[in-house]
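Engineer:
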Amino acid sequence: MSGQRVDVKVVMLGKDAVGKTSLVERYIHHRFLPGPYQNTIGAAFVAKAMCVRGQNVTLGIWDTAGSERYEAMSRIYYRGARAAIVCYDLTDSSSFERVKFWVNELKNCEDQCQIYICGTKSDLVENDKALRQIDYHDVQDYADEINARVCETSSKTGQSVGEYVHTHVSIEILNISTEMWKLAMLFLQYPCDKLPSQYASLTCIHQNLPAGFRQSHLMGKHWPEIGETT
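Numbering (the working numbering), first residue to last: 67 to 296.
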């Protein structure tokens, strides 16, 4: 699969002013702009190409507006997302309540989307522990309930930003995408109602295959035959 580029859609969600745009700036451009930022309207899009385990991967990142007035618009941008980074401000307890809102939205509309919960502005609470309003262990307990990962980051210092996105988001989603490509090839080899009996349970996945799995994309690639060891 190394010759085929994998496109991964990632959406940034969270309350306004939690630092989503700063997080994207740090990850894409390796910089911190002290602001003040103008609130995002709708969404901003950036892309980052990388090589993960020998595979060409392009992350398409949608930085969505955090204001509640744009909630309906934000739903447009997380359709089809393979990963969602849901952000909260470590110094603002209300921002974590919005995390729960967005998680519920994703669970209802995009249940195949992998969720990552990201605490922002960790430099502030490291300098003054009294500023922390959300306990890490409470967040971790919640993440365990919804099968999500947790990280605390600082866009100002760069703490954990690149490592978090590359190690968890890129690699994990690449692994998921690889399996989905194999499933796509399976359904090209066999009609949905003609699958060998050992694969019959996969028919429910057919409707969830990511867009873009056309036969022309897969020609010339070696894929394991049915029953071949991978």
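Backbone N, C-alpha and C define an ideal beta-carbon position, used for all residues, glycine too.
Remember, it's a predicted structure, so these values are computed and weren't measured experimentally.
Between Thr-130 and Asp-73, is the Cβ-Cβ spacing less than 8 Å?
Structural biologist: On the sequence shown, position 64 is the one that residue 130 refers to. On the sequence shown, position 7 is the one that residue 73 refers to. No, the Cβ-Cβ distance between Thr-130 and Asp-73 is not below 8 Å.
Engineer: Just tell me which of Met-116, Trp-128, Gly-120 and Arg-119 has its CA closest to the CA of Glu-91.
Structural biologist: Residue 91 sits at position 25 when you count from the first residue of the sequence shown. Out of Met-116, Trp-128, Gly-120 and Arg-119, Trp-128 has the C-alpha closest to the C-alpha of Glu-91.
Engineer: Please check the pair Ser-140 and Leu-79, which I expect to be a contact at CB under 8 Å, by giving their CB distance rounded to whole angstroms.
Structural biologist: Translated into positions along the sequence shown, residue 140 becomes position 74. Translated into positions along the sequence shown, residue 79 becomes position 13. So it is a contact: roughly 7 Å between Cβ atoms.
Engineer: Between which two residues does the alpha helix (DSSP H) carrying Val-165 extend?
Structural biologist: Working through the sequence shown from its first residue, we reach residue 165 at position 99. 159-175 is the span of the alpha helix (DSSP H), which, as asked, contains Val-165.
Engineer: Within 10 Å of its beta-carbon, does Leu-156 have 16 or more other beta-carbons around it, so buried, or fewer, so exposed?
Structural biologist: If you number the sequence shown from 1, residue 156 lands on position 90. With 16 or more Cβ atoms within 10 Å of its Cβ, Leu-156 is classed as buried.
Engineer: Tyr-230: which of Thr-223, Glu-218 and Lys-222 sits nearest, CA to CA?
Structural biologist: As a position in the sequence shown, residue 230 is number 164, starting the count at 1. Comparing Cα positions, the closest option is Glu-218.
Engineer: Figure out for me which residue from Lys-195, Thr-106, Glu-211 and Phe-111 has the closest Cα to the Cα of Tyr-182.
Structural biologist: Sequence index remark: in the sequence shown, residue 182 carries index 116 (1-based). Answer by Cα proximity: Glu-211.
Engineer: Mind checking Leu-89: buried by the 16 CB within 10 Å criterion, or exposed?
Structural biologist: For the purposes of this step, residue 89 is taken as the residue at position 23 of the sequence shown. Its Cβ being crowded by 16 or more others within 10 Å, Leu-89 is buried.
Engineer: Look at Lys-75 and Arg-148 and say whether their C-beta atoms are less than 8 Å apart.
Structural biologist: In the sequence shown, residue 75 corresponds to position 9, counting from 1. In the sequence shown, residue 148 corresponds to position 82, counting from 1. Yes, the pair counts as a contact, with Cβ atoms nearer than the cut-off.
Engineer: By the three-class DSSP mapping on this structure, what secondary structure does Arg-71 have?
Structural biologist: Within the sequence shown, residue 71 is the residue found at index 5, counting from 1. The answer is coil: DSSP assigns Arg-71 none of H, G, I, E or B.
Engineer: Helix, strand or coil for Asn-193? Go by DSSP, reduced to three states.
Structural biologist: Here the question's residue 193 lines up with position 127 in the sequence shown. Looking at Asn-193 - three-state DSSP - the assignment turns out to be helix.
Engineer: Classify Ile-142 as buried or exposed, calling it buried when 16 or more other Cβ atoms lie within 10 Å of its own Cβ.
Structural biologist: Here residue 142 refers to the residue found at position 76 when the sequence shown is read from its first residue. Exposed.
Engineer: Return the residue from the list Tyr-93, Gly-120 and Leu-99 that minimises the CA-CA distance to Val-112.
Structural biologist: The count along the sequence shown starts at 1 and reaches residue 112 at position 46. For the residues Tyr-93, Gly-120 and Leu-99, the minimum Cα distance to Val-112 belongs to Tyr-93.
Engineer: Is it buried or exposed, Thr-106, if we count other Cβ atoms within 10 angstroms and call 16 or more buried?
Structural biologist: If you number the sequence shown from 1, residue 106 lands on position 40. Buried is the call here.
Engineer: What residue range does the alpha helix (DSSP H) around Glu-211 cover?
Structural biologist: Taking the first residue of the sequence shown as 1, we reach residue 211 at position 145. That run of the alpha helix (DSSP H) goes 202-212.
Engineer: Output yes or no for whether 8 Å exceeds the beta carbon distance between Ser-220 and Lys-187.
Structural biologist: Counting from one through the sequence shown, the residue named residue 220 turns up at place 154. Counting from one through the sequence shown, the residue named residue 187 turns up at place 121. Cβ distance < 8 Å, so Ser-220 and Lys-187 count as in contact.
Engineer: Report the option in Asn-122, Asp-158, Lys-81 and Arg-97 whose CA atom is closest to the CA atom of Leu-197.
Structural biologist: Along the sequence shown, one-based indexing puts residue 197 at 131. Looking at the Cα atoms, Asp-158 is the closest of the given residues.
Engineer: Is the beta carbon of Gln-206 closer than 8 Å to that of Val-191?
Structural biologist: Reading the sequence shown from its first residue, position 125 is the one you call residue 191. Reading the sequence shown from its first residue, position 140 is the one you call residue 206. Going by C-beta atoms, Val-191 is not nearer than 8 Å to Gln-206.
Engineer: Which of the three DSSP states, helix, strand or coil, is assigned to Val-118?
Structural biologist: One-based indexing of the sequence shown puts residue 118 at position 52. Val-118: strand per DSSP, three-state reduction.
Engineer: Does Lys-86 pass the burial test, meaning 16 or more other C-beta atoms within 10 Å, or should it be called exposed?
Structural biologist: On the sequence shown, residue 86 is found 20 positions in, with the first residue counted as 1. Flag for Lys-86 reads buried.
Engineer: Whole-angstrom Cβ separation of Tyr-144 and Leu-99, contact assumed at under 8 Å?
Structural biologist: In the sequence shown, counting from the first residue as 1, residue 144 sits at position 78. In the sequence shown, counting from the first residue as 1, residue 99 sits at position 33. The Cβ separation is near 25 Å, so there is no contact.
Engineer: Excluding the 5 residues flanking Gln-180 on each side, which residues of the same chain have their C-beta closer than 6 Å to its C-beta?
Structural biologist: As a working note, residue 180 is residue 114 in the sequence shown. Cβ neighbours of Gln-180 beyond the five flanking positions: Ala-149.
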